[in-house]
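Below: the structure, in structure tokens.
Residue numbers (this note's numbering): 28 to 362.
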């Protein structure tokens, strides 16, 4: 409430908050690493690497983004209305169709990567159903995920490459390149070309907001995300105005997009036999916290953003530009 009061007194406060999220590829494992301990493992369909299958993948971050962002805005608006809950959980389910990630023709034909996103709220408190429905409608209108999932966020992409000699290391798995098992990737791509439905999977995430500091695993965290389809995996989350020890919903959201772009870019290079020495993807934008905090109603939360790829490899600048254009078409995060 103190933050809301300050924003009302200062019209420019929180209006152009810079967001810069960097995702870096580990070329030995195919894992993409981000801020505050966030990680993104290779896509699960083809078992393209030997890393722990329980690790979150780029696909995990769609329900993460929806549940955590909605939870934060729901709770912020509840605070302003002086509502108090015993506990609150946002359970999200979504279906993904990753056919475009494997088959360029599907991407060019306009395949939609996400569908059937559903959120269930589980609230314990003394509020009436009508009050909760009103709060939910308000949260949807002020939630960052609402803009991002409905295609209101535009990006421009660029690539800065350095051509270097990359020594080939003996892969632990035959056909492995840059941390990806390309034999399995290509085999699965052929299957998708015949039946795109096999690339459809369901993803779930539960975001629990701790109304008191009763989080056993992370006692100083505001929220914890769990994945019913990845038993035992949990991520601690901070609110957007938290201390920053754990990732906040906005960081997790843009890291998911950056990691998806990094995976797609690296895969498209690997398909061409390019060896990568280093690869990172940075998403930059500006965020209007005033709408999320309920100070403004009509403005947008995000400006358009940029995605910048920096890569060291044995690929020429022409190949990198060709891969950038291909990634723009085939990466589900761009959608």
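The beta carbon of each residue, even a glycine, is placed where N, CA and C say it ideally should be.
Neighbour-count burial assignment, residue i, 16 or more Cβ in a 10 Å radius
i	result
residue 81	exposed
residue 227	exposed
residue 98	buried
residue 205	buried
residue 324	exposed
residue 359	buried
residue 322	buried
residue 354	buried
residue 223	buried
residue 150	buried
residue 28	exposed
residue 68	buried
residue 287	buried
residue 55	exposed
residue 106	exposed
residue 345	exposed
residue 332	buried
residue 104	buried
Helix, strand or coil at residue i according to DSSP, with G and I counted as helix
i	result
residue 17	The question about residue 17 has no answer here: the residues shown for the chain are numbered 28 through 362.
residue 203	strand
residue 65	coil
residue 234	strand
residue 301	coil
residue 107	helix
residue 338	strand
residue 140	coil
residue 38	coil
residue 291	helix
residue 357	helix
residue 147	strand
residue 82	coil
residue 152	strand
residue 102	helix
residue 264	strand
residue 30	helix
residue 216	helix
residue 95	helix
residue 315	coil
residue 323	coil
residue 332	strand
residue 73	Any answer about residue 73 is weak, because its pLDDT of 45 lies below 50 and its placement is not dependable; what the coordinates show is given next. Residue 73 falls in the coil class under three-state DSSP.
Whole-number beta carbon distance between residue j and residue i, since they are thought to touch under 8 angstroms
i	j	result
residue 250	residue 236	5 angstroms
residue 350	residue 295	5 angstroms
residue 57	residue 165	That pair is no contact at about 41 angstroms.
residue 334	residue 184	4 angstroms
residue 232	residue 326	So it is not a contact: roughly 28 angstroms between Cβ atoms.
residue 284	residue 310	6 angstroms
residue 361	residue 252	About 24 angstroms; that fails the 8 angstroms criterion.
residue 135	residue 356	6 angstroms
residue 190	residue 343	6 angstroms
residue 186	residue 348	7 angstroms
Cut-off 6 angstroms between Cβ atoms - residues of its own chain near residue i, not counting five sequence neighbours on either side
i	result
residue 143	122
residue 96	170, 171, 172, 276
residue 363	No answer is possible for residue 363: it lies beyond the span of the chain, which begins at 28 and ends at 362.
residue 262	252
Nearest to residue i (by Cα), restricted to the options the options
i	options	result
residue 156	124, 110, 128, 181	110
residue 192	338, 327, 219, 43	338
residue 62	94, 344, 275	275
residue 140	129, 170, 308	129
residue 145	59, 120, 40, 343	120
residue 280	312, 341, 138, 69	312
residue 40	320, 331, 174	320
residue 182	31, 329, 42, 340	329
residue 308	342, 298, 188	188
residue 65	55, 54, 50	50
residue 147	133, 115, 174	115
residue 293	52, 36, 37, 46	52
residue 112	135, 162, 89, 126	162
residue 194	220, 265, 340, 42	340
Same chain, Cβ closer than 8 angstroms to residue i, neighbours up to 5 away in sequence not counted
i	result
residue 44	313, 314, 315, 316
residue 216	129, 130
Close beta carbons around residue i, own chain, < 7 angstroms, minus the five adjacent residues each side
i	result
residue 32	none
CB contact check: residue i to chain C, cutoff 8 angstroms
i	result
residue 297	Checking the listed chains, one finds no chain C in this structure; it contains a single protein chain.
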